[in-house]
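Participant: Dropping the structure in here first, questions after.
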Amino acid sequence: MSYTADRTRTPHPELDSEQQFLEHAYACLRFMRDRAAYLKSLGYMGGNLSEGGPTPETVAKWMADKQRRIDDLAEPPSALCFGRTDRRDDQSLYIGRRHVEDADGQPVVIDWRAPSAVPFYRATVVDPMKLRRRRRFLLDGRRLIDLLDEDLEHPDRETAGAYVPDPLLAEIERPRDAEMRDIVATIQAEQDVVIRAPFEECVVVQGGPGTGKTAVGLHRAAFLLYTHRARFERERLLIVGPNKIFLRYISQVLPSLGETAAVQLTVDALAGARYVIRGQDDPMTARLKGDGRMAEVVQRAVLARVKAPTSPVTLRTAFGSVTLPVEAVGALIDAGRASNRPSSQTRTVLRDQLVKLAWDRYLALHPDDFPLQPPFTDGLRASKELKALLDRIWPTRSAPEVVRQLYGNRRVLQQATAGLLTPAERDRLVRKPAAQLSQERWSAADLAVLHEAEALINGVSNTYGHIVVDEAQDLSAMQLRMLGRRSRRGSITVLGDLAQSTEPAGQTTWDRVADHLGALTASHHELTIGYRVPAPILEFANRLLPEAAPGVRPAGSARHHSSRPRLVAVTAERRAAAVAEEAERLTRRWSSLGIVTPDSTHDEVVTALEDGSVGFVDGQRVAALGERITVLSPSSSKGLEFDAVIVVEPAQIATGEPNTLRLLYVVLTRAVQHLSIVHAQQLPGPLAG
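In numbering that gives the first Met the number 0, the protein residues as written are 0 to 688.
So this is what it looks like as structure tokens:
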């Protein structure tokens, strides 16, 4: 991190010795990497006596593992070591981004995820955790600029109020760029509790803007990959984000921590990459399709064409005809309906049960033919006649066929929604089917409905050992169910802020999230201290909360020294030019600028920037952030941060509805240093004062 030392005071007496230690640590890391490269150069020396020697696959895997080890030992892009703890028993530990040992195998730097590193993040004067001192390094690359010592044995030396160490302030003040950075050197105690929460739990985290939710989720992923490495060699870890821009923004955090084993997807991509979104629902319909009641509706629709026979069933075989009692066949179908198996598996089980029932009936009439069982049962199982019977009583169906029929067949819709939805709600689901199934106009809200049907029909094969889902407040109950099915044992980290819930079917409380996910146990955490958004900006945005999210406690900020938001009132004719002028002014001081504009002013803003020869990336056309300036829609700004932000026409972003007021709250809290508002219309009421 970059930090300017106070040159007016005497340098710390141990500055030079600590610099020498850091150089020693880097030398040890180089030695570890050189040793790993040497071992790889010797080639595969294993054996496989039972098969006469190693297979090519065995050797290739061995070589890949060795290369991965070499890559893991590369010098990290950020500081290798960033602090030290001194215990009361005079044992000292240096804490860093990875484990480093010397030529004798003795630890030099402790990985930040190791249990022995916990006191570095959590020790306080009230609970020093056997420490007498914590030392933080302030670095510029590999050069040690200053040391910050915290004496944990003398309460009178504790800083009054919420303590924010200088390295954290230095990190916050660093210019932002197009990629999110790790916070491993500045993790705070309440964040560390979440990061190290038990693997088996569903961890639900509420946190306002700037409290580090996203960083905490990513560092928790890194912690779990480190702590349960053998497990995640078999089971993958999934990161779910709201959009592609967000995923690109966070893409380098885990690699910077030495972890590359995680899969990163948007929730739509997870729901169904094979479905093309051609339609769009109105907010009320989208809310209904995301409602948890739709799970029962879809289940009924999946079984809508399952029908028990009304008369005895006769099957012809090579050994004569066999008649199956209608009651017995009906009982098998009822048992299949009541089972928790996917529909396709139930059909297979039902086929085998019908074959057994037929054999039992045949054997009762021909007891001496017992040796004929294999040819009888094998022949019947493969017969077209049995398949035709199964197609009548338990037909094979695809998820698109089920959902298409649900929306397009009023009789099926009536049966599937009876007692669950009101007539008005049922009418919202009615949609004329497309001429071909491949041309169906699926909406974004349909994806979770399709996934529900797919799971009920075929089950879920693509699962993960742990899932981290960010911006979870915007997920519907149906989307949460979809995520829960992808988790092997309910090990999920849920991150969000209810005040930023803007989707029609989003969450307004965390109370039922674990239920929707299917998690047996859940722990709830709240991050209360904001480190990213300066207090004047956060207090300005918090004016919206009493109306937008009355049940949410406003987050506080640890950063009190910042300018208030700059309000630029202009005429509609001057609006776009004013945005371009403000952008040019701000980029002379700040490294990254986000311009958030509603659709109604997007084109004029882009034209003004082009006319003024201001370089930028249009985030609505390219799923990426610009090196200096990015133009974004309000919804695509979620989870992102910039040194400075220009918000265009807040009144058009917030039309008075709770969802859009919350969207404006999101937009106003993207700035790390400076916020400008350019408007021709009157500001929304809560902000006008």
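C-beta: ideal position from N, C-alpha, C; glycine also. Given the structure is predicted, the values throughout are model-derived calculations rather than measurements.
Should the stretch 317-324 be regarded as contacting the stretch 346-360, the criterion being three or more beta carbon pairs within less than 8 Å?
Facilitator: Short answer: they touch.
Participant: Once the 5 residues before and after Ala159 are set aside, which same chain residues still bring their CB inside 8 Å of it?
Facilitator: Taking the first residue of the sequence shown as position 1, residue 159 is located at position 160. The predicted model places Ala159 with a pLDDT of 35, which falls under 50 and marks its position as unreliable; any figure quoted below should be read in that light. Result list for Ala159: empty, nothing under 8 Å.
Participant: Measure from the alpha carbon of Ala78 to the alpha carbon of each residue in Gly257, Ala102, Met62, then state which is nearest.
Facilitator: Residue 78 sits at position 79 when you count from the first residue of the sequence shown. It is Gly257 whose Cα lies nearest to the Cα of Ala78.
Participant: Would you kindly work out how many angstroms separate the C-alpha atoms of Ile244 and Ala623, rounded to a whole number?
Facilitator: As a first step, residue 244 is located in the sequence shown; it is residue number 245 there, counting from the start. As a first step, residue 623 is located in the sequence shown; it is residue number 624 there, counting from the start. Near 5 Å, if we compare the C-alpha coordinates of Ala623 and Ile244.
Participant: By the three-class DSSP mapping on this structure, what secondary structure does Ile186 have?
Facilitator: On the sequence shown, position 187 is the one that residue 186 refers to. Residue state, collapsed to three classes: coil.
Participant: Looking at the unbroken beta strand (DSSP E) that takes in Ile491, where does it start and where does it end?
Facilitator: Position 492 of the sequence shown holds residue 491. 491-495 is the span of the beta strand (DSSP E), which, as asked, contains Ile491.
Participant: Taking the alpha-carbon positions, what's the Pro308 to Val328 distance?
Facilitator: Stepping through the sequence shown from its first residue, residue 308 is reached at position 309. Stepping through the sequence shown from its first residue, residue 328 is reached at position 329. Using only the alpha carbons, I get a separation of about 7 Å.
Participant: Give the secondary structure of Val429 by DSSP, where H, G and I count as helix, E and B as strand, and everything else as coil.
Facilitator: Your numbering for residue 429 matches position 430 in the sequence shown. The answer is coil: DSSP assigns Val429 none of H, G, I, E or B.
Participant: Could you pull the start and end residues of the alpha helix (DSSP H) that Val348 belongs to?
Facilitator: Position 349 of the sequence shown, counted from the first residue, corresponds to residue 348. From DSSP, the alpha helix (DSSP H) with Val348 extends over 342-364.
Participant: What does the alpha-carbon distance come out to for the pair Leu48 and Thr462?
Facilitator: The sequence position of residue 48 within the sequence shown is 49, counting from 1. The sequence position of residue 462 within the sequence shown is 463, counting from 1. A caution first: Leu48 carries a pLDDT of 44, below 50, which makes its placement in the model too unreliable to give a value.
Participant: Do Pro649 and Pro683 come within 8 Å of each other at the CB atom, strictly closer than that value?
Facilitator: Along the sequence shown, read from residue 1 onward, the residue named residue 683 stands at position 684. Along the sequence shown, read from residue 1 onward, the residue named residue 649 stands at position 650. Yes, Cβ-Cβ distance for Pro683 and Pro649 is below 8 Å.
Participant: Since Ala643 is in the beta strand (DSSP E), which residue starts that stretch and which ends it?
Facilitator: Against the sequence shown, residue 643 aligns to sequence position 644. Taken as a continuous stretch (DSSP letters only), the beta strand (DSSP E) holding Ala643 covers 641-647.
Participant: Hey, quick one: how far does the alpha helix (DSSP H) through Leu224 stretch, first residue to last?
Facilitator: For the purposes of this step, residue 224 is taken as residue 225 along the sequence shown, with counting starting at 1. 212-226 is the extent of the alpha helix (DSSP H) around Leu224.
Participant: Using the three-state DSSP reduction, which class does Tyr463 fall into: helix, strand or coil?
Facilitator: One-based indexing of the sequence shown puts residue 463 at position 464. Tyr463: strand per DSSP, three-state reduction.
Participant: Have a look at Ala184 and Arg133 and give me their C-alpha separation to the nearest angstrom.
Facilitator: Stepping through the sequence shown from its first residue, residue 184 is reached at position 185. Stepping through the sequence shown from its first residue, residue 133 is reached at position 134. Each residue's Cα considered, the two are about 13 Å apart.
Participant: So, do the stretch 670-677 and the stretch 516-533 have three or more beta carbon pairs nearer to each other than 8 Å?
Facilitator: Yes: at least three Cβ pairs fall under 8 Å.
Participant: Sort His465, Arg247, Trp61, Ala24 by Cα distance to Arg142 and report the nearest one.
Facilitator: Here residue 142 corresponds to residue number 143 of the sequence shown, with the count starting at 1. Looking at the Cα atoms, Ala24 is the closest of the given residues.
Participant: As a quick exercise: from Pro106, Ala434, Gln681, pick the residue whose alpha carbon is nearest that of Val569.
Facilitator: Residue 569 sits at position 570 when you count from the first residue of the sequence shown. With distances taken between Cα atoms, Val569 lies closest to Gln681.
Participant: Please identify the residue among Pro53, Gly104, Arg87, Leu138 whose C-alpha is closest to the C-alpha of Glu17.
Facilitator: Here residue 17 corresponds to residue number 18 of the sequence shown, with the count starting at 1. Looking at the Cα atoms, Leu138 is the closest of the given residues.
Participant: Measuring CB to CB, does Ala653 end up less than 8 Å from Leu660?
Facilitator: As a working mapping, residue 653 is identified with position 654 in the sequence shown. As a working mapping, residue 660 is identified with position 661 in the sequence shown. Yes, they are a contact pair.
Participant: Is it buried or exposed, Val666, if we count other Cβ atoms within 10 angstroms and call 16 or more buried?
Facilitator: Along the sequence shown, one-based indexing puts residue 666 at 667. Answer is buried; the Cβ neighbour count reaches 16.
Participant: Assuming His303 and Ala415 form a contact by the criterion Cβ under 8 Å, report the distance between their Cβ atoms to the nearest whole angstrom.
Facilitator: By one-based count along the sequence shown, residue 303 stands at place 304. By one-based count along the sequence shown, residue 415 stands at place 416. Checking the sequence, you will find Ala at residue 303 rather than His. Sure, about 6 Å apart at Cβ, within 8 Å.
Participant: Judging by CA-CA distance, which residue of Pro311, Thr520, Pro241 is the nearest neighbour of Thr265?
Facilitator: Walking along the sequence shown from the start, residue 265 turns up at place 266. Thr265 has its Cα closest to that of Pro241, out of Pro311, Thr520, Pro241.
Participant: If you follow the alpha helix (DSSP H) that Glu149 is part of, which residue opens it and which one closes it?
Facilitator: Along the sequence shown, read from residue 1 onward, the residue named residue 149 stands at position 150. Looking at the DSSP string, Glu149 is not in any alpha helix (DSSP H); the run it does join, the beta strand (DSSP E), is 142-150.
Participant: Since Val108 and Asp101 should fall inside the 8 Å C-beta cutoff, what is the C-beta to C-beta distance between them, to a whole number of angstroms?
Facilitator: Residue numbering aside, residue 108 sits at position 109 when the sequence shown is read from its first letter. Residue numbering aside, residue 101 sits at position 102 when the sequence shown is read from its first letter. Not a contact, Cβ separation roughly 10 Å.
Participant: Got a sec? Which residues, its chain only, sit under 6 Å from Arg87 by beta carbon, not counting five neighbours each side?
Facilitator: Numbered from its first residue, the sequence shown carries residue 87 at position 88. Closer than 6 Å at the Cβ level, and outside the excluded window around Arg87, lie Lys129, Arg131.
Participant: Taking DSSP as the reference, what is the three-state secondary structure of Trp589?
Facilitator: Numbered from its first residue, the sequence shown carries residue 589 at position 590. Residue state, collapsed to three classes: coil.
Participant: Assuming Leu297 and Glu451 form a contact by the criterion Cβ under 8 Å, report the distance between their Cβ atoms to the nearest whole angstrom.
Facilitator: Sequence index remark: in the sequence shown, residue 297 carries index 298 (1-based). Sequence index remark: in the sequence shown, residue 451 carries index 452 (1-based). Here the sequence assigns Val to residue 297, which means Leu is not the residue at that position. At roughly 5 Å, the Cβ-Cβ gap stays under 8 Å, so Val297 and Glu451 are in contact.
Participant: What number of angstroms, rounded off, separates the C-alpha of Met481 from the C-alpha of Ala447?
Facilitator: Taking the sequence shown and counting its residues from 1, the one referred to as residue 481 is at position 482. Taking the sequence shown and counting its residues from 1, the one referred to as residue 447 is at position 448. Straight-line Cα distance between these residues: approximately 7 Å.
Participant: Where does Gln681 fall in DSSP's three states?
Facilitator: Indexing the sequence shown from 1 puts residue 681 at position 682. In the structure shown, Gln681 sits in coil (DSSP, three-state: anything other than H, G, I, E or B).
Participant: Once DSSP output is grouped into helix, strand and coil, what is the label at Ser675?
Facilitator: Start at 1 with the first residue of the sequence shown, and residue 675 comes out as number 676. Note: Ser675 maps to strand in three-state DSSP.
Participant: Quick test of the definition: if touching needs 3 or more C-beta pairs under 8 Å, does the stretch 425-443 touch the stretch 405-414?
Facilitator: The answer is yes - the stretch 405-414 touches the stretch 425-443, with three or more Cβ pairs under 8 Å.
Participant: By the 10 Å Cβ neighbour count, where 16 or more other Cβ atoms means buried, how is Arg511 classified, buried or exposed?
Facilitator: Looking up residue 511 in the sequence shown gives position 512. So Arg511 ends up on the exposed side.
Participant: If you check the beta carbons only, do Phe691 and Ile194 fall under 8 Å apart?
Facilitator: Past the edges of the chain, shown from 0 to 688, lies residue 691, and the structure says nothing about it.
Participant: Candidates Phe539, Gln344, His465: which alpha carbon is nearest His559's?
Facilitator: Here residue 559 refers to the residue found at position 560 of the sequence shown. It is Phe539 whose Cα lies nearest to the Cα of His559.
Participant: Looking only at its chain, what residues have a beta carbon closer than 8 Å to the beta carbon of Ala687, apart from the 5 residues adjacent to it on each side?
Facilitator: Position 688 of the sequence shown holds residue 687. Excluding sequence neighbours, Ala687 sits near Gln681.
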